[in-house]
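Structure, as structure tokens:
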Amino acid sequence: MSAKLSSPKKEILLGSALDMLHKESKEWTNSIAFWKDEVNFFSDLLDHEQVNASEYGQMLQYLDKIHASLFDYLAADILDHERLLSRLVKGEEGLSDQDYRGKHAVLKEQMDLFTNDFKELKKMVFGYAKKL
Numbered sequence: 028m029s030a031k032l033s034s035p036k037k038e039i040l041l042g043s044a045l046d047m048l049h050k051e052s053k054e055w056t057n058s059i060a061f062w063k064d065e066v067n068f069f070s071d072l073l074d075h076e077q078v079n080a081s082e083y084g085q086m087l088q089y090l091d092k093i094h095a096s097l098f099d100y101l102a103a104d105i106l107d108h109e110r111l112l113s114r115l116v117k118g119e120e121g122l123s124d125q126d127y128r129g130k131h132a133v134l135k136e137q138m139d140l141f142t143n144d145f146k147e148l149k150k151m152v153f154g155y156a157k158k159l
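As numbered in this note's numbering, the sequence shown has no gaps in its residue numbers, which increase by one up to the final residue, 159.
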């Protein structure tokens with residue numbers, strides 16, 4: 028019984044809510060991996076003489092490259108976030124689940140914004156590709 032009483036704080040911190048946030052972080056990582064595949068597809072799709080000759084096509088290629096770089100930054104931020112959770116689970120001094128939750132909220136907002144932006148880029152790429 029004393030073993031159970033010695034870690035009630037840890038049990039509270041590791042409740043189902045943190046598990047759900049961890050799961051969401053993993054889903055973000057999977058989304059980014061999928062988006063990277065899509066960007067490779069867009070690059071292949073846009074890699075034609077016709078596209079290279081048009082200003083709009085060049086702009087799409089440029090946006091495509093920017094998104095690829097942003098994926099890497101976003102993926103690194105999520106990995107750092109998961110490391111914070113690991114440190115929290117280990118009970119490292121000076122950390123609280125509020126640190127993790129706060130960072131999670133910021134990442135969620137970034138993912139939501141990026142998801143919407145990427146959807147718009149996809150619409151532009153597909154609209155342009157249809158006209159080729």
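No residue lacks a Cβ here, since even glycine has one placed at the ideal position from N, Cα and C.
Where does residue i land, buried or exposed, given buried means 16+ other C-beta within 10 angstroms?
i: M86; result: exposed
i: M47; result: exposed
i: P35; result: Per-residue confidence for P35 stands at a pLDDT of 48, beneath the threshold of 50, marking its modelled position as unreliable; the derived number appears in the next sentence. Result: exposed.
i: I93; result: exposed
i: F69; result: buried
i: F145; result: buried
Quick test of your reading: residue i and residue j, contact by CB under 8 Å. State the CB separation rounded to the nearest angstrom.
i: G84; j: L73; result: 6 Å
i: L90; j: Q137; result: About 18 Å; that fails the 8 Å criterion.
i: D104; j: L148; result: So it is not a contact: roughly 20 Å between Cβ atoms.
Compare the beta carbon distance of residue i and residue j with 9 Å and say whether it is the shorter of the two.
i: S123; j: L112; result: no
i: F98; j: K53; result: no
i: N45; j: Y127; result: It should be pointed out that residue 45 corresponds to Leu in this sequence rather than to Asn. Contact: yes.
i: S81; j: T142; result: no
Does the ligand MN have even one heavy atom less than 8 Å from the beta-carbon of residue i?
i: M47; result: Summarising the ligand content, the structure contains no ligands, and the ligand MN is consequently not present.
Within a Cβ cutoff of 7 Å, which residues of the same chain sit near residue i, ignoring the five residues on either side of it in sequence?
i: K130; result: H108, L111
i: T56; result: A102, I105
i: E119; result: none
i: G8; result: Only positions 28 to 159 of the chain appear in the structure, and residue 8 is not among them; the question remains open.
Please return the same chain residues whose Cβ sits closer than 8 Å to the Cβ of residue i, not counting the five positions on each side in sequence.
i: H49; result: E109, L112
Among residues of its own chain, excluding the 5 on either side of residue i, which ones have a beta-carbon nearer than 6 Å to its beta-carbon?
i: L140; result: none
i: L41; result: Legend: pLDDT at L41 = 49, less than 50; position of this residue unreliable, no value from coordinates given.
i: V152; result: F69, L87
In chain order, which alpha helix (DSSP H) runs of at least 4 residues are fully inside the region 68–102? 76–80
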